[in-house]
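Q: I am attaching a structure below and will ask some questions about it afterwards.
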């Protein structure tokens with residue numbers, strides 16, 4: 018990336034792919050969620066397809082559960098690095114564990130989400146906002162988990178403890194400065210979204226994008242994504 022509002026290069030992509038996938042049942046019993054096939058290839062391949070189209074050439078994939086299944090996985094046009102957590106560390110612990118491999122600015126993706134957002138527009142929002150983190154927000158979801166307004170994420174409520182006022186959903190793609198990880202990171206198991214998002218509420222830039230967003234957390238959602246991709 019370059020000066021304020023000018024995108025000259027795409028940052029590193031970091032994919033969180035260590036989840037257990039328990040809601041998928043037998044589908045993910047012997048397969049990591051990110052390697053579950055949809056429309057003829059693993060969801061991770063679809064994620065990297067989109068990242069490559071956006072101009073990203075490097076991706077760090079953080080694995081855990083059934084991490085050995087990623088051996089030999091390649092993706093044309095994207096230089097891949099895999100890093101496996103030694104034990105379940107949660108999303109925050111996984112990022113902290115891999116901090117030496119994470120670059121100064123990075124695009125954070127979830128290994129079970131596919132959001133066809135324009136990265137260049139997202140990066141322009143990030144660069145012009147002056148924020149250390151920019152989160153994509155969609156209004157096209159069956160439920161909401163955040164409140165946004167005035168270009169900022171004002172509140173993040175993953176568990177929907179106070180649903181009144183929630184008007185958007187985290188759409189699985191964020192641009193983050195490594196300084197955030199360095200400030201909040203710690204050893205052990207912890208949740209990136211519940212610790213960092215809540216702590217930074219009001220200072221996270223909101224990039225609203227209602228383009229197709231897919232979370233394959235359940236068999237029904239996996240089926241719907243497959244149908245969407247098959248229809249092209």
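Numbering (my numbering), first residue to last: 18 to 249.
Quick reminder that beta carbons are idealized off the backbone N, C-alpha and C, glycines included.
#1: Leaving out five residues before and five after residue 1 in sequence, what residues of the same chain have Cβ atoms less than 8 Å from its Cβ?
#2: Can you tell me which residues form a DSSP beta bridge with residue 220?
#3: Expressed to the nearest angstrom, what Euclidean distance is found between the alpha-carbon atoms of residue 180 and residue 89?
#4: Taking contact to mean at least 3 C-beta pairs separated by less than 8 Å, is the region 115–124 in contact with the region 37–49?
#5: For residue 59, which of helix, strand or coil comes out of DSSP?
#6: Identify the continuous alpha helix (DSSP H) that holds residue 200 and give its terminal residues.
#7: For residue 136, tell me which candidate among 240, 55 and 188 has the shortest Cα-Cα distance.
#8: Please state whether the Cβ-Cβ distance between residue 221 and residue 125 is less than 8 Å.
#9: Going by alpha carbons, who is nearest to residue 39 out of 235, 108 and 248?
#10: In whole angstroms, what separates the C-alpha of residue 227 from that of residue 134?
#11: In whole angstroms, give me the CA-to-CA distance for residue 19 and residue 145.
#12: Beta-carbon within less than 8 Å of residue 71's beta-carbon, same chain only, minus the 5 sequence neighbours each way: which residues are those?
#13: What's the gap between the Cα of residue 240 and the Cα of residue 114?
#14: Going by the CB atoms, is the gap between residue 36 and residue 58 shorter than 8 Å?
#15: From residue 130 to residue 178, what distance separates their C-alpha atoms?
#16: Taking just the CA atoms, how far does residue 216 sit from residue 210?
#17: Can you check which of these residues, 24, 55 and 174, is closest to residue 238 by C-alpha distance?
A: So, from the data block:
#1: Nothing can be reported for residue 1, as the shown portion of the chain is limited to 18 through 249.
#2: The partner list for residue 220 (beta bridge, DSSP) is empty, contrary to what the question assumes.
#3: 43 Å
#4: no
#5: strand
#6: 195–201
#7: 188
#8: no
#9: 235
#10: 8 Å
#11: At residue 19, the pLDDT of 47 sits below 50, so the modelled position is not reliable; the number obtained from the coordinates is stated separately. If I take the Cα positions, the gap works out to 11 Å.
#12: 27, 135, 136 and 137
#13: 33 Å
#14: no
#15: 23 Å
#16: 9 Å
#17: 55
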